[in-house]
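Okay, structure first, notes after.
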Amino acid sequence: MRTITGLLFAAAALSGAAVAGQPFRALPPMQGATPWTAAPVSEPETLRFAVFGDRTGLARPGVFEQAMKQIGWMKPEFVINAGDLIEGYTDDKAELAAEWDHVKTATAQLGVPFFHVVGNHDMGNDVMLQTWQERHGNPYYAFEYKNILFLCLDTEDPPMPMPAEMQRQFRGILKGMAADPVGTEKMINAQLGQVNKGRETDTGGINGARISDAQVEFVRRTLDQHRGVRWTFVLMHKPAWTLKSAAFDKIEGMLADRRYTVIAGHNHYYKHEIRKGRDYFQMGTTGAISHEEGPGKMDHIAWVTVDKDGPHYALVRLTGLLDKDGESGQTLAR
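Taking this note's numbering, the leading residue of the sequence shown gets 176, the next gets one more, and so forth.
In structure tokens, the structure reads:
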């Protein structure tokens, strides 16, 4: 009985696959003029994936967790993050384990493959580096899918610990976010000018982009070995092109003769620019507090479709991602 049942299921699966792979066909009595503009065509090389930005530092409770459910409704082929999933900046292994376990539970709701890109809150000291390596492997890596190359860089190479006084203040704000997230965010928003000024001037300190010589060589080798891909996506946490990074300048030089897109996070505010004739994105938030007022202040994802003509981008606010009952579940999302 088990054998027969298994064969029936297998036959049903094969039948479904065959039907799904059939081209569009009009059914009788359709003839002459048609009520559609063109027949749909399935393109096996088309890729659809989702990118999202910072959950931390200073996560607004529940936004990221619901976002993972929402993105799952759309069924991308995979999802990739631009860094900062845990609050981090601690050498307490038990605390780090609890934070990563929480993220793992949340991202499991996607129901599709999930790719990590390391951020400064994920990699703030050597203990955090060790934890990352144990859980996620190498902090920088690459993969190819559908003849598209993805370079996932580490802008915390090597990690830089948060200064003691800054860490003390950060821990205090974390307690405030847990007790009163709305009030704490308002308090921080009042200091946005100071926050942004610090980011702009601290290009060599904790907010700087650090990319080791070994990582640059890894990029060089990977690009040399994958010259024939149809597109290259470069993902990193800190927007290194804004931070006077000599290492990233070298990487940009290596990319000069190919079609590519760069996507980063870190600044908690969406920005897009054309640089060297290519699209460069800084993702907004997916649960983190914002660092700037204006149209780029939003919780959102980027939906990327790559077809024979190249990539196409659409931003989707989390409050606009609704289930079949017309609900987003996002009470704190913008």
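All residues carry an ideal CB built from backbone N, CA and C; glycine is no exception.
Starting from the Cα of residue i, find the closest Cα among the options and give me that residue.
{"i": "Q457", "options": "L430, W416 and D432", "result": "W416"}
{"i": "P215", "options": "Q206, F227 and P198", "result": "P198"}
{"i": "R433", "options": "S420, L324, Y445 and A354", "result": "L324"}
{"i": "F318", "options": "K446, D482, T480 and Q400", "result": "Q400"}
{"i": "L418", "options": "E468, A439 and G403", "result": "A439"}
{"i": "E468", "options": "H443, G247 and K451", "result": "H443"}
{"i": "V254", "options": "A463, R235, L285 and Q366", "result": "L285"}
{"i": "G504", "options": "P236, D229, R223 and P210", "result": "P236"}
{"i": "E252", "options": "E309, E274, E220 and G299", "result": "E220"}
{"i": "D498", "options": "A508, G247 and Q308", "result": "G247"}
{"i": "W478", "options": "R492, K472, G471 and P470", "result": "R492"}
{"i": "F289", "options": "P338, A508, L328 and V278", "result": "V278"}
{"i": "M335", "options": "I386, A281, A283 and L410", "result": "I386"}
{"i": "T521", "options": "P203, R223 and A421", "result": "Nothing about residue 521 can be read from this structure; the chain reaches only from 176 to 509."}
{"i": "L326", "options": "V404, P333 and Y315", "result": "Y315"}
{"i": "Y455", "options": "A421, I464 and E427", "result": "E427"}
{"i": "E360", "options": "W211, A508 and H475", "result": "A508"}
Between residue i and chain B, is the shortest Cβ-Cβ distance under 7 angstroms, so that the two count as touching?
{"i": "A281", "result": "Protein chains in the displayed structure number just one, and chain B is not present."}
In terms of residue numbering, what span does the beta strand (DSSP E) encompassing residue i cover?
{"i": "F325", "result": "I323 to C327"}
{"i": "W406", "result": "W406 to L410"}
{"i": "K446", "result": "K446 to R450"}
{"i": "D454", "result": "R453 to Q457"}
I need the straight-line Cα distance from residue i to residue j, nearest angstrom please.
{"i": "E392", "j": "L271", "result": "30 angstroms"}
{"i": "D266", "j": "T494", "result": "35 angstroms"}
{"i": "A389", "j": "T397", "result": "12 angstroms"}
{"i": "M249", "j": "F423", "result": "33 angstroms"}
{"i": "T330", "j": "M362", "result": "29 angstroms"}
{"i": "F408", "j": "A242", "result": "23 angstroms"}
{"i": "Q342", "j": "K321", "result": "43 angstroms"}
{"i": "G485", "j": "A269", "result": "44 angstroms"}
{"i": "A213", "j": "M205", "result": "14 angstroms"}
{"i": "W406", "j": "I449", "result": "16 angstroms"}
{"i": "A489", "j": "T461", "result": "16 angstroms"}
{"i": "A384", "j": "L430", "result": "18 angstroms"}
{"i": "G191", "j": "S217", "result": "Note that G191 has pLDDT 35, beneath the 50 cutoff, so the model's placement of it is unreliable and the number below is only indicative. For G191 and S217, the distance between alpha carbons rounds to 16 angstroms."}
{"i": "H466", "j": "N364", "result": "7 angstroms"}
{"i": "Q245", "j": "V226", "result": "13 angstroms"}
{"i": "V194", "j": "A208", "result": "In this prediction, V194 has a pLDDT of 45, which is less than 50 and means its spatial position is unreliable; what the coordinates show is noted afterwards. Between V194 and A208, the C-alpha separation is close to 26 angstroms."}
{"i": "E502", "j": "G452", "result": "39 angstroms"}
{"i": "A186", "j": "H291", "result": "Confidence is the limiting factor: at A186 the pLDDT is only 35, short of 50, which leaves the residue's position unreliable, though a coordinate-based value still follows. The alpha-carbon atoms of A186 and H291 are separated by roughly 37 angstroms."}
{"i": "A257", "j": "G228", "result": "5 angstroms"}
{"i": "M298", "j": "R310", "result": "12 angstroms"}
{"i": "M473", "j": "K413", "result": "18 angstroms"}
{"i": "L189", "j": "Q305", "result": "Per-residue confidence for L189 stands at a pLDDT of 34, beneath the threshold of 50, marking its modelled position as unreliable; the derived number appears in the next sentence. The alpha-carbon atoms of L189 and Q305 are separated by roughly 45 angstroms."}
{"i": "P470", "j": "Y445", "result": "8 angstroms"}
{"i": "R230", "j": "R200", "result": "45 angstroms"}
{"i": "R395", "j": "G380", "result": "26 angstroms"}
{"i": "T280", "j": "N382", "result": "29 angstroms"}
{"i": "H441", "j": "W275", "result": "19 angstroms"}
{"i": "D259", "j": "K425", "result": "25 angstroms"}
For residue i, report the span of its alpha helix (DSSP H) as first-last.
{"i": "T280", "result": "K268 to T282"}
Which of the three DSSP states, helix, strand or coil, is assigned to residue i?
{"i": "R200", "result": "coil"}
{"i": "R385", "result": "strand"}
Any heavy atom of the ligand ADP within a distance shorter than 6 angstroms of the CB on residue i?
{"i": "R310", "result": "Ligands displayed in this structure: none; no statement on the ligand ADP is therefore possible."}
Original post:
At what residue ranges does the region 211-264 contain a whole run of the alpha helix (DSSP H), taking only runs of 4 or more?
Top reply: 238-249
Original post:
Of all the beta strand (DSSP E) runs that stay within the bounds of the region 389-441, which reach a length of 3 or more residues?
Top reply: 406-410 and 435-439
Subject >> Secondary structure, beta strand (DSSP E): runs of 3+ residues fully inside the region 460-499 >> reply: 475-482 and 485-492
**OP:** Note down, one range per segment and in chain order, each alpha helix (DSSP H) of at least 4 residues found wholly within the region 286-366.
**Re:** 301-311, 339-354 and 356-364
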